[in-house]
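Going down the list, the protein sequences come from chains A and B. If you read the first sequence in this note's numbering, its first letter stands for residue 1, the second for the next number, and so on. If you read the second sequence in this note's numbering, its first letter stands for residue 474, the second for the next number, and so on. Backbone N, C-alpha and C fix where the C-beta goes; we use that ideal spot for every residue, glycine too. If you're wondering where the values come from, they're calculated on a predicted model, not measured in any experiment.
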Amino acid sequence: MKNDKTYEAIMARKNEIIKNAMQIDYTKFELPGIGFDYEAMMREVGYSLEEMREIQLAHGVGNTPLIELRNLTALARKYAPKGKGARIVVKDEAANASGSFKARRAAVAVYHAKKLGYKGVIAATSGNYGAAVASQAAMQGLKCIVVQECYDNNKVGQPEILEKQRVCEAYGAEVVQLSVGPELFSTHLSLLEETGYFNASLYTPFGIAGVETLGYELAEQCREKFGKDPEAVVCTNAGGGNLTGTARGLIKAGAENTRVIGACIDLKGLHMASEQDFNRKSCTTGHTGFSLPFTTWPDRSDCPRNAARVLRYLDEMVTIKQGELFYMTQALAILEGYERGPAGNTSLTAAFALAQQMDEDAILVVQETEYTSAGKHPMPQLTFAKKNGVQVLFGDPEDEIPGKNLVFPKDPSFIKARQYDMTHARKSYIKNCVKNCGMTSATEEDVSFIMDEIKSDKEFVLSELEAKGVKVQ
Amino acid sequence: MSMAKKGDWVQIENTVLKAGNRAPQVPEDTQKCDLKLWVKGIAQHEGNLGENMDIITVTGRKTSGTLVDINPRYIHDYGDFQPELLQVELQLKGIMEGAEK
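What follows is the structure, given as structure tokens:
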């Protein structure tokens, strides 16, 4: 059976493979009907906040500096109404071992794998998480394989992803590279089956809980520096782990009134599994191609239940454009002396616009930065964009068409954070839920699960279910 | 260099899924392509580019495929100079200097 490597055959073995590669019995959290006990899963499978801090600090992760961006704040105030222009502060997560917040997830995942006796870990990712897992595996003495979607059919790769390959190899990992397509997942499963390694998925309870320390730390640091909790925290939202973990950490720190804002790059019109579109993106992470599907249906990951569940925590979500992101990445370097990103500056770009709507004495936290290097920098990414026929110009980023052009704002007043319709997102969740669970009727328990999932009232859930022809018992 | 010796650091290529046998949700343009895989490791015997090669990866995994590169170079860099970034720099400096006056 193991020898059958067709897509269908591997996917049919999915549950068994995942079970062996994680040793988490997800079935015990399932509720009758469509739901599961999310908090029980996070409690029983995860670690306490104190334990996670200890694990992370022992492995070069955490306690990153919180830095006030005075010059960017001053720039934002030039375009804000009188009395507006919140103080923008950033959590310099690039200071973690491996250069991003993803080390928080990886430190706990690799620790857990080692505790369970696995000889190695495998992660399927083209992003910073690969570097994080490779670095932690090196530190904690496990073998590591990173599977990444890297090239188009002609072996032309995104510079940003080629850099992730290099850095994973620098930390001693084996990197398995694939051409475009969602079968990254079946290849990942096949390697888990072959090696018997641990599935260091991005979406495990301890992976997500690993980010809780980030939210907790930033609340503590704000209290110490500014004598209060931040008014808002902006998180780049793609697969959802960054936002979910940070929001849970804020709650654990008691910062219940802090607004949690998700930000992502608008890549509307580019198909994520398309060979032709693959190299027309100028950002390979932090974009709507991940955030919209994962926000409106989290259980599409390599875990039976995804621990990243954004709609439970999200207060608002905004989108920004690629041209705005590259402009702000340059602004961070030129005005603040920090060369970071680019993709990790998605939340910074949104914060620049959002700060202009908030009071001057408010604190707005950008909760991450990421390391910069060859390939992972505006210059190679713009070079690559131009080679792929993407036009780079100055103007109004509203006119940006992903894959066709990249529009730098003609001045900072053109940088905007566009509100994503949260009611639409919640409706999409319910639509996906009805479809994917084959719902024809719903119990009280189902309704209450959905209410928690999308942070919504009963009336809204009932009316949406009824509109979809679901009978509520 | 087109021939690898035993013990060289090499890259191999494999076809995981043939065009037409891709996952059902894959869009049309991708369906027309094979799903390819590349991995690096230590050559287990002598071989020319384009020939089959057996390798052992850094995790100790044995695998094989078509030899496509020997001592593969990292080809990514900082790219060409982008005048747009200089334009942003000069604009920002101008705005900030103006603000101080």
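For residue i and residue j, I'd like the C-alpha separation in whole angstroms.
{"i": "lysine 630/B", "j": "threonine 530/B", "result": "Any answer about residue 630/B is impossible in this case: the structure gives chain B only from 474 up to 574."}
{"i": "alanine 307/A", "j": "isoleucine 208/A", "result": "6 Å"}
{"i": "glycine 239/A", "j": "methionine 474/B", "result": "42 Å"}
{"i": "glutamate 44/A", "j": "glutamate 370/A", "result": "31 Å"}
{"i": "lysine 491/B", "j": "tyrosine 313/A", "result": "42 Å"}
{"i": "threonine 329/A", "j": "isoleucine 363/A", "result": "21 Å"}
{"i": "alanine 477/B", "j": "methionine 526/B", "result": "9 Å"}
{"i": "lysine 386/A", "j": "arginine 426/A", "result": "37 Å"}
{"i": "valine 447/A", "j": "proline 497/B", "result": "32 Å"}
{"i": "glutamine 322/A", "j": "glutamate 444/A", "result": "43 Å"}
{"i": "alanine 516/B", "j": "valine 110/A", "result": "30 Å"}
{"i": "valine 90/A", "j": "serine 135/A", "result": "24 Å"}
{"i": "glutamate 573/B", "j": "lysine 410/A", "result": "Residue placement at glutamate 573/B is poorly supported in this model, since its pLDDT is 48, which falls under 50; the coordinates still yield a value, given next. Spanning the two alpha carbons is a distance of roughly 21 Å."}
{"i": "glutamate 54/A", "j": "alanine 247/A", "result": "20 Å"}
{"i": "aspartate 421/A", "j": "methionine 317/A", "result": "8 Å"}
{"i": "glutamate 163/A", "j": "aspartate 542/B", "result": "18 Å"}
{"i": "glycine 289/A", "j": "asparagine 20/A", "result": "30 Å"}
{"i": "glutamate 400/A", "j": "leucine 406/A", "result": "6 Å"}
Just curious, the beta strand (DSSP E) that residue i is in, first and last residue?
{"i": "methionine 317/A", "result": "316 to 320"}
{"i": "proline 409/A", "result": "405 to 409"}
{"i": "lysine 14/A", "result": "Taken as a continuous stretch (DSSP letters only), lysine 14/A belongs to no beta strand (DSSP E), being part of the alpha helix (DSSP H) at 14 to 22."}
{"i": "methionine 526/B", "result": "525 to 529"}
{"i": "isoleucine 484/A", "result": "As displayed, chain A neither begins before 1 nor continues past 473, which places residue 484/A out of reach and without an answer."}
{"i": "alanine 516/B", "result": "508 to 516"}
{"i": "phenylalanine 384/A", "result": "Premise fails: phenylalanine 384/A lies in the alpha helix (DSSP H), 378 to 387, not in any beta strand (DSSP E)."}
{"i": "glutamine 391/A", "result": "391 to 395"}
{"i": "arginine 312/A", "result": "Looking at the DSSP string, arginine 312/A is not in any beta strand (DSSP E), and its letter there is neither H nor E."}
{"i": "lysine 91/A", "result": "87 to 91"}
Could you give the DSSP three-state label for residue i: helix, strand or coil?
{"i": "tyrosine 151/A", "result": "strand"}
{"i": "methionine 474/B", "result": "coil"}
{"i": "valine 233/A", "result": "strand"}
{"i": "histidine 287/A", "result": "strand"}
{"i": "phenylalanine 101/A", "result": "coil"}
{"i": "tyrosine 420/A", "result": "strand"}
{"i": "serine 179/A", "result": "strand"}
{"i": "leucine 335/A", "result": "helix"}
{"i": "alanine 492/B", "result": "coil"}
{"i": "aspartate 502/B", "result": "helix"}
{"i": "threonine 443/A", "result": "coil"}
{"i": "lysine 574/B", "result": "Summary for lysine 574/B: the model assigns pLDDT 43, below 50, so the residue's position carries little reliability; its value from the coordinates is reported in the next sentence. It is coil, neither helix nor strand."}
{"i": "aspartate 542/B", "result": "strand"}
{"i": "serine 201/A", "result": "coil"}
{"i": "alanine 263/A", "result": "strand"}
{"i": "glycine 341/A", "result": "coil"}
{"i": "glutamate 224/A", "result": "helix"}
{"i": "valine 167/A", "result": "helix"}
{"i": "lysine 84/A", "result": "strand"}
If I'm right that residue i touches residue j with Cβ under 8 Å, what's the distance once you round it to whole angstroms?
{"i": "threonine 475/A", "j": "proline 230/A", "result": "Residue 475/A is absent from the model: chain A starts at 1 and stops at 473."}
{"i": "alanine 355/A", "j": "alanine 97/A", "result": "Not a contact, Cβ separation roughly 30 Å."}
{"i": "asparagine 237/A", "j": "threonine 295/A", "result": "7 Å"}
{"i": "aspartate 502/B", "j": "glutamate 275/A", "result": "5 Å"}
{"i": "tyrosine 26/A", "j": "glutamate 183/A", "result": "That belief does not hold up - the Cβ atoms of tyrosine 26/A and glutamate 183/A are roughly 23 Å apart, past 8 Å."}
{"i": "leucine 191/A", "j": "isoleucine 145/A", "result": "6 Å"}
{"i": "serine 48/A", "j": "lysine 509/B", "result": "So it is not a contact: roughly 44 Å between Cβ atoms."}
{"i": "aspartate 92/A", "j": "threonine 64/A", "result": "5 Å"}
{"i": "glutamate 324/A", "j": "glycine 344/A", "result": "Rounded, the Cβ-Cβ distance is 14 Å, inconsistent with contact."}
{"i": "isoleucine 34/A", "j": "cysteine 437/A", "result": "5 Å"}
{"i": "isoleucine 528/B", "j": "valine 489/B", "result": "The pair is not a contact, with the Cβ atoms about 16 Å apart (cut-off 8 Å)."}
Below 8 Å on C-beta distance, what does residue i contact in chain E?
{"i": "proline 293/A", "result": "The structure shown has no chain E; the protein chains it does contain are A and B."}
Please report the residue range of the alpha helix (DSSP H) in which residue i lies.
{"i": "aspartate 4/A", "result": "Per DSSP, aspartate 4/A belongs to no alpha helix (DSSP H) and is neither H nor E."}
{"i": "threonine 346/A", "result": "346 to 355"}
{"i": "aspartate 277/A", "result": "275 to 278"}
{"i": "leucine 364/A", "result": "Looking at the DSSP string, leucine 364/A is not in any alpha helix (DSSP H); the run it does join, the beta strand (DSSP E), is 363 to 366."}
{"i": "valine 461/A", "result": "458 to 467"}
{"i": "valine 45/A", "result": "38 to 45"}
{"i": "arginine 55/A", "result": "Per the sequence shown, residue 55/A should be read as isoleucine rather than arginine. Looking at the DSSP string, the run of the alpha helix (DSSP H) that includes isoleucine 55/A is 49 to 57."}
{"i": "valine 133/A", "result": "128 to 140"}
Could you tell me if the beta carbon of residue i falls within a distance shorter than 7 Å of some heavy atom in the ligand HEM?
{"i": "threonine 369/A", "result": "Ligands in the displayed structure: none, and consequently the ligand HEM is not present."}
At a CB distance below 9 Å, what residues from the region 506 to 519 of chain B approach chain A? Give them in sequence order.
Cys506, Asp507, Leu508, Lys509, Leu510, Trp511, Val512, Lys513, Gly514
Can you list, in chain order, the residues of the region 53 to 80 of chain A whose Cβ is nearer than 8 Å to any Cβ on chain B?
Asn71, Ala74, Leu75, Lys78
Check distances from the C-beta atoms of the region 12 to 37 of chain A to those of chain B and list, in chain order, the residues that come in under 7 Å.
none
Any C-beta of chain A within less than 8 Å: which residues of the region 543 to 565 of chain B qualify?
Tyr547, Ile548, His549, Asp550, Tyr551, Gly552, Asp553, Phe554, Gln555, Glu557, Leu558, Gln560, Val561, Glu562, Gln564, Leu565
Chain B contacts made by the region 390 to 410 of chain A, where a contact means CB separation under 8 Å
Val392, Phe394, Phe408
Pull out every residue of the region 170 to 202 of chain A whose Cβ sits closer than 8 Å to any Cβ of chain B, in chain order.
Gly172, Ala173, Glu174, Val175, Val176, Gln177, Leu178, Ser179, Val180, Gly181, Pro182, Glu183, Ser186, Thr187, Glu194, Thr195
Which residues of the region 370 to 385 of chain A have a Cβ closer than 8 Å to any Cβ of chain B? Give them in chain order.
Ala374, Gly375, His377, Pro378, Met379, Pro380, Gln381, Leu382, Thr383, Phe384
What are the residues in the region 151 to 171 of chain A lying within 7 Å of chain B by C-beta distance?
Asn153, Pro159, Leu162, Glu163, Arg166
Output needed in chain order: residues of the region 262 to 280 of chain A with a Cβ under 7 Å from some Cβ in chain B.
His271, Ala273, Ser274, Glu275, Gln276
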